[in-house]
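Student: Below are the structure tokens for one structure; questions will follow.
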Amino acid sequence: MEHRSQAESALGGAAYGMLFVLGVVMGVVGGFTHPVWQEGPLPGAAVVWVLMLFLVCLGAGKLLGSRLGAAVPGAGWLLVTMPFTVQLASGDLVIASGLPGYVYLYGGLVALVVAYLLSPSSSRGSWLLRGYSPKNPT
Numbered sequence: 043m044e045h046r047s048q049a050e051s052a053l054g055g056a057a058y059g060m061l062f063v064l065g066v067v068m069g070v071v072g073g074f075t076h077p078v079w080q081e082g083p084l085p086g087a088a089v090v091w092v093l094m095l096f097l098v099c100l101g102a103g104k105l106l107g108s109r110l111g112a113a114v115p116g117a118g119w120l121l122v123t124m125p126f127t128v129q130l131a132s133g134d135l136v137i138a139s140g141l142p143g144y145v146y147l148y149g150g151l152v153a154l155v156v157a158y159l160l161s162p163s164s165s166r167g168s169w170l171l172r173g174y175s176p177k178n179p180t
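So for the sequence shown, this note's numbering puts the first residue at 43; every next one is plus one.
Next comes the structure, spelled out in structure tokens:
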């Protein structure tokens with residue numbers, strides 16, 4: 043097992059924290075804008091949000107070299123998206139039933155699972171969390 047310095051641990055924590063915040067922001071903005079644009083029967087904005095969520099989670103998983111990297115922005119997105127599906131007593135609902143809402147919600151869940159499964163599961167470590175060691179130290 044490799045020993046990490048406090049600076050490397052702090053950098054890793056900051057990276058995961060920022061990914062979680064990115065997932066929360068994507069959930070808030072996507073939750074309110076997924077029904078905005080529709081191309082015929084296809085909810086274009088919802089499809090774009092699902093693709094963006096997939097790419098962010100897959101990119102985070104590959105860059106951090108772990109499935110946890112893909113799961114953290116997904117957890118932030120889920121934290122915001124799930125309460126948006128609950129109808130309040132006043133009748134307000136952010137993600138309504140209908141094709142755009144279903145594509146955004148269920149497509150987003152499928153995107154999270156696929157990005158998680160496509161992310162590396164090895165413990166090689168992350169390019170971000172590994173220290174740089176020159177090949178020819180002088």
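Glycine is no exception: its CB is placed at the ideal position from the N, C-alpha and C atoms.
These figures come from a predicted structure and were not determined experimentally.
1) State the Cα-Cα distance for the pair Phe96 and Val156, rounded to the nearest angstrom.
2) Which residue comes first and which comes last in the alpha helix (DSSP H) that contains Glu50?
3) Quick check on Leu135: does DSSP put it in helix, strand or coil?
4) Using a Cβ-Cβ cut-off of 6 angstroms (strictly less than) and excluding sequence neighbours within five positions of Gly150, which residues of its own chain qualify?
5) Got a sec? Which residues, its chain only, sit under 8 angstroms from Thr75 by beta carbon, not counting five neighbours each side?
6) To the nearest angstrom, report how far apart Gly133 and Ser108 are at their CA atoms.
Tutor: Reading from the atomic positions:
1) Rounded to the nearest angstrom, the gap between the Cα atoms of Phe96 and Val156 is 8 angstroms.
2) Gln48 to Thr75 is the extent of the alpha helix (DSSP H) around Glu50.
3) Judged by DSSP in its simplified three-state form, Leu135 adopts coil rather than helix or strand.
4) When the five nearest sequence neighbours on each side are left out, the beta carbons in the same chain lying within less than 6 angstroms of the beta carbon of Gly150 are those of Val92 and Leu95, in order along the chain.
5) Excluding positions up to five away in sequence, the list reads Ala87 and Trp91.
6) Rounded to the nearest angstrom, the two C-alpha atoms are 41 angstroms apart.
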